[in-house]
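K.L.:
Before we start, here is the structure in question, set down as structure tokens.
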Amino acid sequence: MSKITVLDPSTASKIAAGEVIERPAGVLKELLENAVDAGATAINIDIEGAGKELIRINDNGCGMDEQDLELSVRRHATSKICSFEDLAHLHTFGFRGEALFSVAAVSRMSISSCTAGGQGHRLELSGGEIICRAPAPAMPGTTVEIRDLFFNTPARRKFLKSDSYERACLLKVAEESALANCRVGYRVRISGREIYNLPAQTGPQETAVRARAREILGGPVTESLVYKNFDDCGLQLFLTPPDKLVAVRDFQMIFINRRPIESKTIQQAIYKALQNVRPKDRHPAFLVYLTLEPGEFDVNIHPQKREVRFVDENKIFRLILNSAGETAFGNARPVAAAPVIPAVDLSLSARPAAQQLFQPKLAPAAPPVAPQPPQEPQATHVQDIFKPAGTPRFMVRETEDPVAYEARRPEPEPLPAPAGPAWYVGPYHYLGQLQRSYLLFENPEGLVLIDQHAAQERVLFEKYMDAFEKRDIKVQELMFPIQVDLTPSNAESLMSWAPWLKTAGFELTRFSPRTVQVKTMPYVVRFKEDDMKRFVESLAAVVGDPAKSTETLKRKMVAMLACKKAVKAHDSMTAAEAEALLENMKNCKDGMHCPHGRACIAQLHIREIGKLFGR
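What follows is the structure, encoded as structure tokens:
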């Protein structure tokens, strides 16, 4: 008996649907793309039950007559291609004729449509089978209603996330589509509550995008974006300049031929352009619009067509790299930001070519008469002299025999056993601050450098984590709740964690679709209003899937709290504060690393200092 069987049409259609429809947001994406391809200038979206109960899309596009309506829900039926060769010239959002078929296979669908001047027609389907044909109002356009999504595939419905998370995904799809198609009006309602009412934009592209982005990304981010238009690949780039970088990656969107996509090539090119001026905890916000010939990229390497592959990846990388530099800096050249771990340049060696990107040519500087702003130290062959404190390392002159040197070296006096962790080799004598970012100490082994921000991050992280572990969190009620504006999709994600956050001392409530209110905070934190807003914005960007481990979220949240409260680079510290910080580091479980894994402390041995001077 044969082991291979041909699946019945019902089973095959459900499996095929899984390639296109993963969650309610996938349904919305397919229906929005169909509406835009139909030439709609106004789209209404209604959602109930996080998309599981109802997704309704109404558009004023070209509509379909009775015959096309029947064909639209059949497998492999499409108006977009006639032959395989057409794929290389496709200017619409896709060629999958089975989008409506796939959605209908896992839902109860009704679809009404009418062409201009024609008669309206309606189909009702259940599990992909047509169960009713009827006339419909003669209103040009198409209305698709999806009810009881995954009613016949309970396993897929079971693995959907919380309603808040699914609503966040739905809103994210609507936001991306609205930013990709600024000439189209969007109205979005969830459970009868209006979330977005975005009129169709007219006028120049920059004006249209800014008006749309202001409603979705918010005013502050939108106003900070610098716009530049390039002829190559129809590139239109909106990018935050170096002094307007943001704390989260949520405001990064890429569109190719009005399709929202993800591209590591483009993202890395922008980060590369800003590498010399971007602090590690800040990120660019950007909107990238590209217009390419269909044969220059492939969107079908990913089932949901989120990722693309370019025919010439290097060309796109170079284009974005150079364009981002020109947009961010204009004719000016950037001043490099101070790095997290400093490098010492005693040899005056030249900066590597990769670090000269967008750097000005500077004339030899006269000796400074006043403290100067921090500059990025130049790389050098002696950069490796820094190592974590407590790591043994023996260096001798390169021209001297190590055995002979060891024989004549005086025997060191034994040091008292350190009262602390292995890296702690005291006593320490405070020398001062370097560029108001690094604390300098002398100890028996030589020179010790401490990153003041990273060190205090570690101290506060362990303090806060200990309080959360012990559930010893004293709550401070705010006299006036702090309102934080987010994108509606981020607000939904954040509110899905509201019950857990309350146990951590943060009581959040919804004020509007895009605004949350903070009513309490842990007493140990005591944020100022601006600090609290930045913390909530960062938290909203990382909460993501509410099904993830609360331990993971707790660690991320406490690390962010510590980061926001810690002393910053370029902040002044007194000798007493510096010495107290070192003492607190000694009492930490891991005083050598910040919560993000970066080094807090480095030791430069006296022998290594001597070698620099040829001693």
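Counting the sequence shown from 1 gives a position; my numbering is that position plus 4.
Quick reminder that beta carbons are idealized off the backbone N, C-alpha and C, glycines included.
Predicted, not measured: the structure shown is a model, and the values here were computed from it.
Under 8 angstroms between the Cβ atoms of His139 and Thr119?
P.N.:
Residue numbering aside, residue 139 sits at position 135 when the sequence shown is read from its first letter. Residue numbering aside, residue 119 sits at position 115 when the sequence shown is read from its first letter. The sequence given here has Pro at residue 139, not His. The answer is no: Cβ separation not under 8 angstroms.
K.L.:
Only counting the same chain, and skipping five residues up and downstream in sequence, which positions put a Cβ closer than 8 angstroms to that of Pro431?
P.N.:
Counting from one through the sequence shown, the residue named residue 431 turns up at place 427. Only Asn447 and Pro448 meet the Cβ criterion.
K.L.:
Assuming Glu170 and Ala54 form a contact by the criterion Cβ under 8 angstroms, report the distance between their Cβ atoms to the nearest whole angstrom.
P.N.:
The count along the sequence shown starts at 1 and reaches residue 170 at position 166. The count along the sequence shown starts at 1 and reaches residue 54 at position 50. So it is a contact: roughly 4 angstroms between Cβ atoms.
K.L.:
Between which two residues does the alpha helix (DSSP H) harbouring Gln272 extend?
P.N.:
For the purposes of this step, residue 272 is taken as the residue at position 268 of the sequence shown. Where Gln272 is concerned, the enclosing alpha helix (DSSP H) stretches over Lys268 to Ala277.
K.L.:
Pick from Asp152, Ala217, Asp167 and Leu35: whose alpha carbon is nearest that of Ala103?
P.N.:
Reading the sequence shown from its first residue, position 99 is the one you call residue 103. Nearest of Asp152, Ala217, Asp167 and Leu35 to Ala103, Cα basis: Leu35.
K.L.:
Does the stretch 455-474 come within contact of the stretch 575-585, defined as at least 3 CB pairs closer than 8 angstroms?
P.N.:
Flag = yes, the stretch 455-474 and the stretch 575-585 touch.
K.L.:
Would you decide whether Ala471 is buried or exposed? Buried here means 16 or more other CB atoms lie within 10 Å of its CB.
P.N.:
In the sequence shown, residue 471 corresponds to position 467, counting from 1. So Ala471 ends up on the buried side.
K.L.:
Less than 7 angstroms between C-beta atoms, sequence neighbours within five positions excluded: which residues of the same chain meet that for Asp535?
P.N.:
In the sequence shown, the residue the question calls residue 535 occupies position 531. Result list for Asp535: Lys568, in chain order.
K.L.:
Within 10 Å of its beta-carbon, does Glu496 have 16 or more other beta-carbons around it, so buried, or fewer, so exposed?
P.N.:
Reading the sequence shown from its first residue, position 492 is the one you call residue 496. That one is buried.
K.L.:
Quick check on the DSSP output: the alpha helix (DSSP H) that includes Asn494 runs from which residue to which?
P.N.:
Position 490 of the sequence shown, counted from the first residue, corresponds to residue 494. Asn494 -> alpha helix (DSSP H) spans Pro492 to Met499.
K.L.:
In or out: Cys173 buried (at least 16 other Cβ within 10 Å) or exposed?
P.N.:
Reading the sequence shown from its first residue, position 169 is the one you call residue 173. Buried is the call here.
K.L.:
When you compare each of His125, Val40, Val31 and Ala46 to Leu75 by their alpha carbons, which one comes out closest?
P.N.:
Reading the sequence shown from its first residue, position 71 is the one you call residue 75. Comparing Cα-Cα distances from Leu75 to each of His125, Val40, Val31 and Ala46, the minimum goes to His125.
K.L.:
At the level of alpha carbons, what is the spacing between Thr524 and Leu323?
P.N.:
For the purposes of this step, residue 524 is taken as the residue at position 520 of the sequence shown. For the purposes of this step, residue 323 is taken as the residue at position 319 of the sequence shown. Distance between the alpha carbons of Thr524 and Leu323 is about 47 angstroms.
K.L.:
Taking C-alpha atoms, which residue in Val520, Asp489 and Gly43 lies nearest to Pro224?
P.N.:
For the purposes of this step, residue 224 is identified with residue 220 of the sequence shown, where counting begins at 1. Residue Asp489 is the option with its Cα nearest to Pro224.
K.L.:
If you run the structure through DSSP and keep just helix, strand and coil, what is Cys66?
P.N.:
Here residue 66 refers to the residue found at position 62 when the sequence shown is read from its first residue. In this structure, Cys66 counts as coil in the three-state DSSP scheme.
K.L.:
Who are the near neighbours of Asp50 in its chain, counting only those whose CB is closer than 6 angstroms to its CB and skipping five residues on each side?
P.N.:
Here residue 50 corresponds to residue number 46 of the sequence shown, with the count starting at 1. Result list for Asp50: Arg60 and Arg193, in chain order.
K.L.:
DSSP has Ile454 in a bridge; who is on the other side?
P.N.:
Position 450 of the sequence shown, counted from the first residue, corresponds to residue 454. The partner list for Ile454 (beta bridge, DSSP) reads Leu443 and Ile605.
K.L.:
When DSSP builds the beta bridges, which residues end up paired with Cys136?
P.N.:
Position 132 of the sequence shown, counted from the first residue, corresponds to residue 136. Partner(s): Glu128.
K.L.:
Just to confirm, are Pro298 and Leu243 a CB contact at a threshold of 8 angstroms?
P.N.:
On the sequence shown, position 294 is the one that residue 298 refers to. On the sequence shown, position 239 is the one that residue 243 refers to. No, these two residues do not count as a Cβ contact at 8 angstroms.
K.L.:
Strictly by DSSP, which residues pair up with Cys118?
P.N.:
Within the sequence shown, numbered from 1, the residue matching residue 118 stands at position 114. Per DSSP, Gly145.
K.L.:
Express the C-alpha separation of Glu227 and Thr513 in angstroms, rounding to a whole number.
P.N.:
Within the sequence shown, the letter at position 509 stands for residue 513. Within the sequence shown, the letter at position 223 stands for residue 227. Each residue's alpha carbon lies about 27 angstroms from the other.
K.L.:
Is Phe155 helix, strand or coil when you go by DSSP?
P.N.:
Residue 155 sits at position 151 when you count from the first residue of the sequence shown. If DSSP states are grouped into helix, strand and coil, Phe155 belongs with coil.
K.L.:
Going by CA-CA distance only, name the one from Arg79, Ala44, Glu511 and Ala184 that's closest to Ser117.
P.N.:
Locating residue 117 in the sequence shown gives position 113, where the first residue counts as 1. Of the listed residues, the one whose Cα sits closest to Ser117 is Ala44.
K.L.:
So, is Ala39 buried or exposed, given that buried needs 16 or more other C-beta atoms within 10 angstroms?
P.N.:
Residue 39 sits at position 35 when you count from the first residue of the sequence shown. Buried, because 16 or more other Cβ atoms sit within 10 Å of the Cβ of Ala39.
K.L.:
One question on the structure: do Ala328 and Leu221 come within less than 8 angstroms of each other, judged by their Cβ atoms?
P.N.:
Looking up residue 328 in the sequence shown gives position 324. Looking up residue 221 in the sequence shown gives position 217. Result no, Cβ atoms of Ala328 and Leu221 do not sit closer than 8 angstroms.
K.L.:
Taking DSSP as the reference, what is the three-state secondary structure of Ser166?
P.N.:
Within the sequence shown, residue 166 is the residue found at index 162, counting from 1. Three-state DSSP puts Ser166 in coil, outside helix and strand.
K.L.:
Using a 10 Å radius around the Cβ and a threshold of 16 neighbouring Cβ atoms, would you call Asn201 buried or exposed?
P.N.:
Here residue 201 refers to the residue found at position 197 of the sequence shown. Exposed: under 16 other Cβ atoms inside 10 Å.
K.L.:
If you draw a straight line from the C-alpha of Arg160 to the C-alpha of Leu153, how long is it?
P.N.:
Position 156 of the sequence shown, counted from the first residue, corresponds to residue 160. Position 149 of the sequence shown, counted from the first residue, corresponds to residue 153. Cα to Cα, Arg160 sits roughly 10 angstroms from Leu153.
K.L.:
Considering just the uninterrupted stretch of the beta strand (DSSP E) at Arg518, what are its terminal residues?
P.N.:
As a first step, residue 518 must be located in the sequence shown, where it is residue number 514. Counting along the chain, Arg518 falls outside any beta strand (DSSP E), and DSSP gives it neither H nor E.
K.L.:
Go through its chain and collect everything with a Cβ distance to Asn62's Cβ below 6 angstroms, but skip five positions before and after it.
P.N.:
Against the sequence shown, residue 62 aligns to sequence position 58. The answer, listed in chain order, is Asn48 and Thr147.
K.L.:
Using C-beta distances below 7 angstroms, list every residue in its chain close to Pro203, excluding the 5 sequence neighbours before and after it, in chain order.
P.N.:
Walking along the sequence shown from the start, residue 203 turns up at place 199. Same-chain partners within the cutoff: Gly189.
K.L.:
Are the CB atoms of Phe333 and Val315 within a distance shorter than 8 angstroms?
P.N.:
In the sequence shown, the residue the question calls residue 315 occupies position 311. In the sequence shown, the residue the question calls residue 333 occupies position 329. Going by C-beta atoms, Val315 is not nearer than 8 angstroms to Phe333.
K.L.:
Quick check on this structure: which residue in Pro526, Cys186, Lys467 and Met577 has the alpha carbon closest to the alpha carbon of Leu435?
P.N.:
Working through the sequence shown from its first residue, we reach residue 435 at position 431. Selected option, being the one with the closest Cα: Met577.
K.L.:
Give every residue of the same chain whose Cβ lies closer than 7 angstroms to the Cβ of Val213, excluding the five residues on either side of it in the sequence, and list them in chain order.
P.N.:
For this step, residue 213 is matched to residue 209 along the sequence shown. The answer, listed in chain order, is Cys186, Phe242 and Leu291.
K.L.:
Whose C-beta lies closer than 7 angstroms to the C-beta of Tyr442 among residues of the same chain, with five residues either side of it excluded?
P.N.:
Position 438 of the sequence shown, counting from 1, holds the residue named residue 442. Around Tyr442: Pro346, Leu453, Ile454, Asp455 and Gln456.
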